Structure formats: C-alpha cells, structure tokens
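As structure tokens, the structure follows; a few thoughts come after it.
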C-alpha cells in the first residue's frame, strides 16, 4: 500500500451514489464527505461535478455553489481537486492552486459535444435559421429566395482558432462539409490538412478572405481579446463568427458594433465577457445573432465521462502517480 490508505473525498450528494458504487476496491478506505455549513472539512480530495456549478457562472454564484467553494477553502487537508469542466479559470480554482492544491480538469470529456455545437452554429447561420425562426413567429411563409438565399458551404473558407481536442474535431467536421481551413494555434507548427497554419499573433492578416471565424481556443494571455476591433474590421461583411471558446477572446463591444451595423453577417455565441449575459445586452436583440447560455458542452453522457476521468486520476493519486490534465502554471 502506498501514498494514501484513508482517502476522504468531498463531493455533492447528487454525485455520491454513482461515485460510491464505482470507487476502487484496492484495500483502501474511501469516505465521502459533503459540505457542512460552519464546519471545517477534512477531505483531501474534492470532486466538483456539474451539479455543483451548473447554475452558476464565474460572475454569479448560487448559494449551493458558494457553500461547496467555502468547504474547499476551509479544508486544510485538501491536496487535489478535480473539476468537471475542460478549463479551470474560475477564481476558486486559481486560489486553491496558488496555495499548493493540485487542480485537474476534465479536458476531453466534452470535446465531441462542443464540436457538434459549433458545427450546429455554423449550419444554423448558413441555412438562415434565425430568419426562419422569425418567420415562424410571424406565421409568415417566406421562401429563402433572392437576398435570403443561403450560400453553399462547400468551397467556403473557415479560419479556426484553436487546435486542441475540440478544435481538431471542429476542423474535421468543417472539412467534411467541404470548407477549406486555416488553423491558428499557439505555434505555427503546420497542420497538414489545413491550407494554412499560423500563430495567434498572425490572425488579423488571415481574415480578409474568411467566410467563417470559429473560436475554440483556451483563454490565455495570448488569446485574451485576440479578436480585436482591428481583427473584426478585417473580416468581410458577409463573414460569420462562432465562439465556443471564452467570451474574453473577443472584444465584445466591437463585435456588437460590427453586427449591429452590418459589418458582419452574423454570429453564434455560447460564451460572453459577462455571464449570465445581462438582459440589456444588445446581443439579445440582434436578428443575426444566436445566443446560447454557455451550454456547448452539455450532454447527458458527460457525467459518466467526467466520473471516469476522476476515478482514473483517483487511482493514480492514491498510488502517487502523475495525474491526467493537471492545471499548469
């Protein structure tokens, strides 16, 4: 027996039943803990499942989420936290990481679902679904003729920012639809199937002939407001933007201005600089915009994939082995 023989895990009551049934049978004692208001938590491990944070955002935290966060903050023995999301940029994870707690993510668990959502956004915009939805509300039979006629996707050019697991899946689906691809990534290392590959800093010079700008990159110092006002101005007026990355990758006021004044064709946006998106945001009222509530990765199969990642890491942690998907930096 190595590393840990008595392992206490903080988890939600909702996650406890399925987790309990799947815990390793390796001779160790695994005990599940739940947040207890006003009491210090003795857990060494915390599992942050989607039910804990699903109704919260980085900016708006529900009481249940806050209770869980406080339990982690006041857990002196806490050594490792596994989160259900692919990223860990919330303040709670950053502060725990700063005090020496290992943070691991569920990167990869939602790749296919997020990619499907991004392609759904491309298809919805390409096939004029916002116009058709407005026609339905008006009970108006308006065939897609004249200026409303959709352009063929085949032969169009997409600039895809991000080439991780999600970006690679999006790229494959875009090419399956007949689009050509320019890939923008943290390095300019060539992607063989792309017509061009470039680094993040080269983005503005690549947009003059883009029909689509698809964002699937992490939020880092290099990508914060990467899609600047100048980058947006470089896009053709018919171009569409799809963002399943992070809201702060785009200069949102500049995006709103371009969409509202006809300098962009439309946008599918799942992420925003402030979440929930304020009711007074102009994005809600723009006919050429589809707004979704940061749900690109939601699917009924996610919980099992996240749990399997956690359990795999739990076995590694108990043995003192390196963990999968650690937060670096």
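In UniProt numbering, the protein residues as written are 1 to 329. Yeah, the Cβ is synthetic: ideal placement off N, Cα and C, and Gly gets one too. Owing to the predicted nature of the structure, the values given are computational and were not obtained by experimental measurement.
| Query | Result |
| --- | --- |
| Buried or exposed: residue 39, going by 16 or more other Cβ atoms within 10 Å of its Cβ? | exposed |
| Quick check on the DSSP output: what are the complete beta strand (DSSP E) runs of length 3 or more inside the segment 209 to 248, in order along the chain? | 212 to 215, 240 to 243 |
| How about residue 110 and residue 88: do their beta carbons lie closer than 8 angstroms? | no |
| Report the rounded CA-to-CA distance for residue 229 versus residue 248, giving the unit in angstroms. | 13 angstroms |
| In terms of residues, what are the limits of the alpha helix (DSSP H) holding residue 47? | It is not in any alpha helix (DSSP H) - residue 47 instead sits in the beta strand (DSSP E) that spans 45 to 48. |
| Could you check which residue in 268, 44, 275 has the C-alpha nearest to that of residue 76? | 44 |
| Can you look up residue 310 in the DSSP assignment and give me helix, strand or coil? | helix |
| Buried or exposed: where does residue 252 fall if 16 or more other Cβ atoms within 10 Å of its Cβ makes it buried? | buried |
| What's the call for residue 215, buried or exposed, on a 16-neighbour Cβ count within 10 Å? | buried |
| Could you spell out the range, first to last residue, of the alpha helix (DSSP H) harbouring residue 129? | 129 to 137 |
| Could you give the DSSP three-state label for residue 17: helix, strand or coil? | helix |
| Assess, as a yes-or-no matter, whether the segment 251 to 268 is touched by the segment 220 to 239 under the definition of 3 or more beta carbon pairs within less than 8 angstroms. | yes |
| State the Cα-Cα distance for the pair residue 19 and residue 310, rounded to the nearest angstrom. | 10 angstroms |
| Compute the Euclidean distance between the alpha carbons of residue 259 and residue 53, then round it to the nearest angstrom. | 31 angstroms |
| Residue 208 to residue 243, Cα distance in whole Å? | 19 angstroms |
| If you run the structure through DSSP and keep just helix, strand and coil, what is residue 97? | helix |
| Do residue 165 and residue 201 count as a contact pair if the criterion is CB distance below 8 angstroms? | no |
| Do you know how far the Cα of residue 149 is from the Cα of residue 289? | 18 angstroms |
| How big is the Cα-Cα spacing for residue 50 and residue 61? | 13 angstroms |
| If you scan the segment 276 to 302 from start to end, which runs of the alpha helix (DSSP H) of 4 or more residues do you find wholly inside it? | none |
| Does residue 263 come out as helix, strand or coil in the three-state DSSP assignment? | coil |
| Quick one: what's residue 170 bridged to in DSSP? | Its beta-bridge partners do not exist; DSSP assigns none. |
| Taking the beta strand (DSSP E) that residue 153 falls in, what are its first and last residues? | Looking at the DSSP string, residue 153 is not in any beta strand (DSSP E), and its letter there is neither H nor E. |
| Counting pairs of Cβ atoms below 8 angstroms between the segment 178 to 196 and the segment 127 to 140, do you hit three or more? | no |
| Counting only C-beta atoms, is residue 200 closer than 8 angstroms to chain C at any point? | Judged by its chain identifiers, the structure shown contains no chain C, having just a single protein chain. |
| In whole angstroms, what is the alpha-carbon distance linking residue 277 and residue 320? | 42 angstroms |
| Given this structure, state the Cα-to-Cα distance separating residue 169 from residue 119, to the nearest angstrom. | 10 angstroms |
| Spatial neighbours of residue 399 within its chain, please: C-beta separation below 6 angstroms, excluding the five flanking residues on both sides. | The structure shown does not extend to residue 399, since the chain is modelled only from 1 to 329, so the question has no answer here. |
| Classify residue 307: buried if its beta carbon has 16 or more other beta carbons within 10 angstroms, exposed otherwise. | buried |
| How is residue 322 classed by DSSP in three states: helix, strand or coil? | coil |
| Using alpha carbons as the reference points, say which of 155, 80, 284, 275 lies closest to residue 100. | 80 |
| Can you name, in chain order, every residue of its own chain whose Cβ lies under 6 angstroms from the Cβ of residue 1, other than the five neighbours on each side? | Only weak support exists for where residue 1 lies, its pLDDT of 37 falling under 50; the value from the coordinates is given anyway. Nothing meets the Cβ criterion. |
| Per DSSP, what kind of secondary structure is residue 6 in: helix, strand or coil? | strand |
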